[in-house]
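Down below is the structure, laid out as structure tokens.
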Amino acid sequence: MPRANARVKVACRLCHDRRVKCDRNEGTACSNCRAAGCNCEPIVSRRGRTRKLPIKSINTEQTRRLPQSFQNVASNTSRHDDAQGDRNEHPKEPFFPALGPSGKTPYIGDSSNLNYLIQQFGNPFRVTTDTRPLEDHLHGAMLARLGSSTAQHMERLHTSAVQSLLNEGVFDLPPTEISDSLVDVYFQYSFPSLPVLDRSAFLAAREEGTVSRLLLNAVYLAASIYCSDSLVAAAGFASRYEASLTFYRRTKSLYDAGYEADSIAIIQATFLASHWWSGLLDHKDPWYWLGISAGMAQAVGMHQAKSYGRLQPRDRKLWRRLWWMVYAMDINLSMLLDRPPRVQGRLCDVAPLSEADFDLVSGLLERDCLGGTQREQSLFVVYAVQLAQTVDGHYTIKLGNSNGLAQDRCLEEISLWSSSLPPELQFSSANGNVWGTLIQILYHEYRLLLHRSNPRFSQSTGPGTPTFQICTHIASMLEFLVTSDLIYAAAATILPAVLSTLSIHIVNIHKGDTGARLISEHRARFCMLILDKLQDRWPVVASFYPIFDSLLKRCSIDVPIHHDTVGPELQEAGSSMGKISHGPCNNNNDSILDGHNDSFNPILQDNMNTTFPFSSFTNIFEDVFLSLPPLQSELLHGGDAFLQ
Numbered sequence: 001m002p003r004a005n006a007r008v009k010v011a012c013r014l015c016h017d018r019r020v021k022c023d024r025n026e027g028t029a030c031s032n033c034r035a036a037g038c039n040c041e042p043i044v045s046r047r048g049r050t051r052k053l054p055i056k057s058i059n060t061e062q063t064r065r066l067p068q069s070f071q072n073v074a075s076n077t078s079r080h081d082d083a084q085g086d087r088n089e090h091p092k093e094p095f096f097p098a099l100g101p102s103g104k105t106p107y108i109g110d111s112s113n114l115n116y117l118i119q120q121f122g123n124p125f126r127v128t129t130d131t132r133p134l135e136d137h138l139h140g141a142m143l144a145r146l147g148s149s150t151a152q153h154m155e156r157l158h159t160s161a162v163q164s165l166l167n168e169g170v171f172d173l174p175p176t177e178i179s180d181s182l183v184d185v186y187f188q189y190s191f192p193s194l195p196v197l198d199r200s201a202f203l204a205a206r207e208e209g210t211v212s213r214l215l216l217n218a219v220y221l222a223a224s225i226y227c228s229d230s231l232v233a234a235a236g237f238a239s240r241y242e243a244s245l246t247f248y249r250r251t252k253s254l255y256d257a258g259y260e261a262d263s264i265a266i267i268q269a270t271f272l273a274s275h276w277w278s279g280l281l282d283h284k285d286p287w288y289w290l291g292i293s294a295g296m297a298q299a300v301g302m303h304q305a306k307s308y309g310r311l312q313p314r315d316r317k318l319w320r321r322l323w324w325m326v327y328a329m330d331i332n333l334s335m336l337l338d339r340p341p342r343v344q345g346r347l348c349d350v351a352p353l354s355e356a357d358f359d360l361v362s363g364l365l366e367r368d369c370l371g372g373t374q375r376e377q378s379l380f381v382v383y384a385v386q387l388a389q390t391v392d393g394h395y396t397i398k399l400g401n402s403n404g405l406a407q408d409r410c411l412e413e414i415s416l417w418s419s420s421l422p423p424e425l426q427f428s429s430a431n432g433n434v435w436g437t438l439i440q441i442l443y444h445e446y447r448l449l450l451h452r453s454n455p456r457f458s459q460s461t462g463p464g465t466p467t468f469q470i471c472t473h474i475a476s477m478l479e480f481l482v483t484s485d486l487i488y489a490a491a492a493t494i495l496p497a498v499l500s501t502l503s504i505h506i507v508n509i510h511k512g513d514t515g516a517r518l519i520s521e522h523r524a525r526f527c528m529l530i531l532d533k534l535q536d537r538w539p540v541v542a543s544f545y546p547i548f549d550s551l552l553k554r555c556s557i558d559v560p561i562h563h564d565t566v567g568p569e570l571q572e573a574g575s576s577m578g579k580i581s582h583g584p585c586n587n588n589n590d591s592i593l594d595g596h597n598d599s600f601n602p603i604l605q606d607n608m609n610t611t612f613p614f615s616s617f618t619n620i621f622e623d624v625f626l627s628l629p630p631l632q633s634e635l636l637h638g639g640d641a642f643l644q
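Per full-length UniProt numbering, the very first residue in the sequence shown carries number 1; after that it's consecutive.
Structure, rendered in structure tokens:
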């Protein structure tokens, strides 16, 4: 027999409607009801009462391949016909769609009218005989007013959408062995630096067959970037691009169809979809997908601390990790692309990310794919988020009249952040600390972006300048990763830094003296080697590669490079590095580089405006391209290839 003061597991109706904690005990009203002077009545728990409806409008064989959420919609017509003859009775659950809300109520701001009324009165429908939760009323308010013909038309549209998804094969899964391998690759390579999933919950749901198909395909997409060529072939794909594109299209189709009702799964899946960027002219790029994640995360209240109070401890950790990953990536991309961030940090009050938000998993290998420990992984994420917060708090995107003071202040703050790093995140090639190397690359990348946007430093990139020193630091760390054979595993973190430093190297080849040009070309070739290795896995790199290749052909014709100046790691580059050629000196370059020659190709300038409208490197490319005169015929032919 339960004790008199034992806490009950079901909240009362008043607390449930107001979304506050209920302290109701057996035989004792909760404090909120006592204060309001009303009866403390427990709600009817809906746990374990999920209703599965029969399927009639889609053939049985195809239906077995559909997730339950899509199956439930198929019998809406008959349900609607029954409802038409029963309009005088109290309305039951909405006849279309059969699938109601996922149980994750959208966050409603404090200032909204609806939130104000709910705070004052609780559930507006509490006095009626209808015991459905408030979210069910909100979900079905409009649908209950529809006539028979409208409902039938909605069902035809839905059935057509489902059939289209079936024809596209979005619900097809790889063989179990292949699927297991892809999931393992994801958790081994992508998850450590971007921990947006609850590993054990995801694996359990997958084992039970209840995992979100949207999220699962997004996981496959991320895994297809890192997995071996043999796994790609075993999965039945002719190339890695085909594999990645297939999983991306399935993810996109499921998202566009509105298949997924779980808002957390949508945030996770769209975040992982940002791995895909097919090329510079693809507008559904990482910025697009991250914008969806950021918007949805704020829609469910992840940016407000009070939203976390109703969560279980494990869900609270997941929410915090997911929120801070979305936030940090948003700040990083906004800096790279020179765009306003979607998330305004000053309006968020979520507790900072800490090591306590990471669950150390027993049974994993002592060392990860980068040679680090689980603690080093969590420290990397925590301090990467802190770095994004520091940048966000002291700098916004540059304005036309920027005097560089904001950049100076931000540089000082992130320098203080750097001095606070624990020993596990200090860079040292001697002890092979890879996570320390990656956090330092991220730090120097921010420094480079801040210097490059500062009007006092943007045109000073040669030896003795902060920009040149930053590129030197990044080059040494990239050499460590290459010699450690970790380029593929660390690609997602290092790619922005490789592209940014390569841009600076090209400018220095173009503007510097002979010594600076020699060093810069050596480093530029090294960056090209890295890009050459990664363009098969990251399609957008294949778009950048010919651009940089053409620029190097045009800018390095003055530099006499001897074979003994090229490091051994570059001599192994093969044919891709052989594309960089050297020609005779152009004695007219000095006046051009100093800005005294105003001649440039106007057609090329127009092409620049359309080729790089959303590239973070536009200012660098403009600096190189727009100061060059029309090319000699032998170079013009090679340089135009990527503009056509």
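Backbone N, C-alpha and C fix where the C-beta goes; we use that ideal spot for every residue, glycine too.
Beta-carbon proximity of residue i to residue j, cut-off 9 Å
i	j	result
L552	V541	no
R213	V162	no
A475	R525	no
D198	D315	yes
W277	W538	yes
Q371	V434	Residue 371 is actually Gly in this sequence, not Gln. Against a cut-off of 9 Å, the Cβ pair of V434 and G371 comes out as a contact.
A297	V385	no
V20	I43	no
N508	F468	yes
A351	A305	yes
H394	D349	no
Y383	L448	no
G515	P466	no
Closest residue to residue i among the options (Cα-Cα distance)
i	options	result
I504	G236, H451, I414, Y226	H451
L353	C369, K317, L337	K317
D359	D392, L336, R320	R320
D536	S244, N32, R206	S244
D172	G236, P124, E41, V196	G236
L405	G393, A151, N454, S520	N454
S263	A234, S500, S293	S293
D421	A516, E376, H510	Sequence inspection shows Leu at residue 421; the Asp mentioned does not correspond to that position. When each option's Cα is compared against that of L421, the closest is E376.
P195	E207, G464, L379	L379
H158	A491, Y259, N403	Y259
G301	L281, L322, P313, H283	L322
I530	K511, L502, G515	L502
Cα-Cα separation between residue i and residue j, rounded to whole angstroms
i	j	result
P613	W287	Residue confidence for P613 is low, a pLDDT of 33 falling below 50, so the modelled location carries little weight and cannot support an answer.
C12	A299	26 Å
Q459	L215	45 Å
S149	G309	44 Å
C15	G122	8 Å
D532	D338	26 Å
S164	V498	41 Å
D285	E26	54 Å
F187	V343	27 Å
T210	L146	32 Å
Q389	N113	32 Å
S419	D357	23 Å
R156	I470	60 Å
I38	L117	Looking at the sequence shown, residue 38 is not Ile but Cys. Whole-angstrom Cα-Cα distance: 17 Å.
A234	Y241	14 Å
N597	H510	Residue placement at N597 cannot be trusted, given a pLDDT of 33 that sits under 50; the coordinates are not used to answer.
N332	P496	10 Å
Neighbourhood of residue i by C-beta distance below 7 Å, restricted to the same chain and skipping five residues each side
i	result
M477	F427, T437, Q440, I441
G291	R342
A257	A161, L165
Close beta carbons around residue i, own chain, < 6 Å, minus the five adjacent residues each side
i	result
L272	A218, A222
T493	L438
Y248	L221, W276
V185	A223, Y226, C227
A491	L534
G345	D392
V232	R240, A243
Residues near residue i in its chain [Cβ-Cβ closer than 8 Å; skip 5 each side]
i	result
G295	R342
I506	S520, A524, F548, L551, L552, C555, I620, V624
- Message: Check whether the segment 439 to 450 and the segment 412 to 429 are in contact - that is, three or more C-beta pairs closer than 8 Å.
- Response: yes
- Message: If contact is defined by three or more beta carbon pairs under 8 Å, each pair taking one atom from either stretch, is the segment 197 to 208 in contact with the segment 247 to 256?
- Response: no
- Task: Count the C-beta pairs between the segment 218 to 228 and the segment 178 to 187 that are closer than 8 Å, then say yes if the count reaches three, no if not.
- Result: Judged by pairs of C-beta atoms under 8 Å, the segment 218 to 228 touches the segment 178 to 187, as three or more such pairs exist.
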